[in-house]
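Under my numbering, the first residue of the sequence shown is numbered 15, with each subsequent residue one higher. Take a look at the structure set out below.
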Amino acid sequence: VDRPLRSFSLGEVAEILGVSGSYLRQLSIDGLGPTPELGTAGRRSYTLRQINELRAYLASTRSKEALKFCPRRREREKLQIISVAAGPATTTTSLYLTQGLALQGFRVLAVDLDPKGSLSEMYGYFTATLPVHNASMYAAISYDDRVSMSSIIQKTHFDGLDFVPGSYELDLFERESSKRYRSKWGYPDASIRMVDALKQVEEDYDIVVIHCGPESGSFLTAGAFEAATAVLVTVRPHLADIAKTAMSLNSFSHFVSLVENAGRSVNYDFIKFLVTRHNPRDVSEQEAVALLRDSLGDDLLTATVWESDAIREARLKNRSLYELSAGAVGRSAYEQAMETLTSINAEIMDLISTVWGRLPMYVSRASRSRTAG
15 VDRPLRSFSL GEVAEILGVS GSYLRQLSID GLGPTPELGT AGRRSYTLRQ INELRAYLAS
75 TRSKEALKFC PRRREREKLQ IISVAAGPAT TTTSLYLTQG LALQGFRVLA VDLDPKGSLS
135 EMYGYFTATL PVHNASMYAA ISYDDRVSMS SIIQKTHFDG LDFVPGSYEL DLFERESSKR
195 YRSKWGYPDA SIRMVDALKQ VEEDYDIVVI HCGPESGSFL TAGAFEAATA VLVTVRPHLA
255 DIAKTAMSLN SFSHFVSLVE NAGRSVNYDF IKFLVTRHNP RDVSEQEAVA LLRDSLGDDL
315 LTATVWESDA IREARLKNRS LYELSAGAVG RSAYEQAMET LTSINAEIMD LISTVWGRLP
375 MYVSRASRSR TAG
């Protein structure tokens, strides 16, 4: 999809890389690393591809900090597959997680399991206007004429982020599966297909994010849960929503037990809950968050995603805040939203780092840049 991504200012790039602006400016003056574009008043800006070139350059010249600049997984570090369970704001959560990970130098694959393609639309791919035959996960997991996983992967306008579009064909998989498996024992036979498909492209990525939409049927969801190494569950801080989340957890544990009954083990590196659309000034929401903290403890991420006009406005433009400059939605709203999103992504990246046996560094970096800012 032809949709160029804006360039990033020197200050933004310094923050993304965790170095000082003066250091980057000096590199550019000395002709080291990629050549930034010079705008008015000599302002330097970099494309995301150039930021990734800078990462490679810094990793080779500052080898002690190579992991900080180039965090791709090394040998013996396993592919991380995070399933974002259907719930409130799952499309927004999947969007900011995938783009945020790509901005931090990871190779990311997003898999949209929503037949309506809600995540795909945010990448500029409108399934309603494009041919969708053999263009979704259906093509790689169907019962007849399966195609290779690599043939259905599309590039996004973010360097390092690819995706598998969601389309109405996904409903076919659901219908075909329920015809084929009239009993509940069919779930494990259907879900292993997702596992096998993702194995084909394992070497190309560090992190896969699977987006389960509200319309994703139960066979697809079972596949997402079996393929996953981790699960992210979104919850709104309202008692009614918390009750809904509890119900969806029941079906989640049901899927897991079916797979285990089929003789395959399901082990997650982490299952985390994320409070989203949170108004921290609302007393009843404060109470709901406190209740969640009491019952979930460390399984609830520390940061919450605040209710944000900036996120909403960006969504109406079919963009993320990473794609817009602060002026497009108002600076203070933009900065506040970015702070909560950065904190969430930092926690998730630290969890992944820990799984890979690395020292967690992202949360401390995010809080340092907040205090500096």
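All C-beta atoms in this analysis are idealised placements derived from N, C-alpha and C, irrespective of residue type, glycine included.
Buried or exposed (CB count within 10 angstroms, at least 16 for buried), residue i
i	result
Ala302	buried
Tyr37	exposed
Lys130	buried
Val297	exposed
His268	exposed
Ile366	buried
Ser322	buried
Lys331	exposed
Asp364	buried
Gln113	buried
Asn281	exposed
Thr368	exposed
Lys286	buried
Glu349	exposed
Leu373	exposed
Ile155	buried
Ala260	exposed
Continuous beta strand (DSSP E) stretch holding residue i: start and end
i	result
Phe177	Leu175 to Val178
Thr104	Looking at the DSSP string, Thr104 is not in any beta strand (DSSP E); the run it does join, the alpha helix (DSSP H), is Thr104 to Leu117.
Ala124	Val122 to Asp126
Leu288	Phe284 to Val289
Tyr60	Arg58 to Tyr60
Val98	Gln94 to Val98
From the options, residue whose alpha carbon lies closest to that of residue i
i	options	result
Val343	Thr354, Glu327 and Leu288	Glu327
Asn148	Met136, Gly138 and Val161	Val161
Gly231	Pro48, Lys331, Glu89 and Asp185	Asp185
Gln168	Phe187, Ser134 and Val27	Ser134
Arg307	Tyr219, Ile256, Gly56 and Asp210	Ile256
His171	Pro18, Ile224 and Gly53	Pro18
Ala124	Leu335, Val223, Gly371 and Tyr152	Val223
Ala28	Asp220, Arg278, Leu117 and Pro179	Leu117
Pro228	Asp312, Asp283, Thr104 and Glu299	Thr104
Tyr152	Pro179, Tyr71 and Leu272	Pro179
Val377	Glu216, Gly25, Gly32 and Arg86	Gly32
Ser97	Ala254, Leu246 and Ala340	Leu246
Arg20	Tyr60, Leu41 and Gln350	Tyr60
Ala73	Gly119, Arg39 and Gly45	Gly119
Phe239	Leu272, Arg87 and Gly35	Leu272
Ser357	Leu115, Glu183 and Ala304	Leu115
Tyr157	Tyr182, Ser164, Phe187 and Lys78	Phe187
Leu379	Gly371, Glu361 and Trp370	In the sequence as presented, Leu is not what sits at residue 379; that position holds Arg. Answer by Cα proximity: Glu361.
N-terminal and C-terminal residue of the alpha helix (DSSP H) that residue i is part of
i	result
Ser322	No alpha helix (DSSP H) holds Ser322; DSSP gives it neither H nor E.
Ser34	That residue, Ser34, is in no alpha helix (DSSP H); it is neither H nor E in DSSP.
Ile362	Arg345 to Val369
Arg307	Val297 to Leu310
Leu335	Per DSSP, Leu335 belongs to no alpha helix (DSSP H) and is neither H nor E.
Arg189	Glu183 to Arg194
Leu133	Ser132 to Met136
Met151	Met151 to Ile155
- Query: Can at least three beta-carbon pairs, one atom from the segment 89 to 98 and one from the segment 187 to 196, be found at a separation below 8 Å?
  - Reply: no
- Ordered list of beta strand (DSSP E) runs contained in the segment 203 to 246, each at least 3 residues: 221 to 225
- If you pair each beta-carbon of the segment 312 to 322 with each one of the segment 277 to 296, do three or more pairs fall below 8 Å? Touching, per the Cβ criterion.
- Query: Would you call the segment 202 to 213 and the segment 232 to 252 in contact, with 3 or more CB pairs under 8 Å?
  - Reply: By the Cβ criterion, the segment 202 to 213 is in contact with the segment 232 to 252, since at least three pairs of Cβ atoms, one from each stretch, lie closer than 8 Å.
- Inside the segment 249 to 286 only - alpha helix (DSSP H) runs reaching at least 4 residues: 253 to 275
- Message: Ignoring anything shorter than 4 residues, give me the alpha helix (DSSP H) runs that lie fully in the segment 40 to 86, in order along the chain.
- Response: 62 to 75 and 80 to 83
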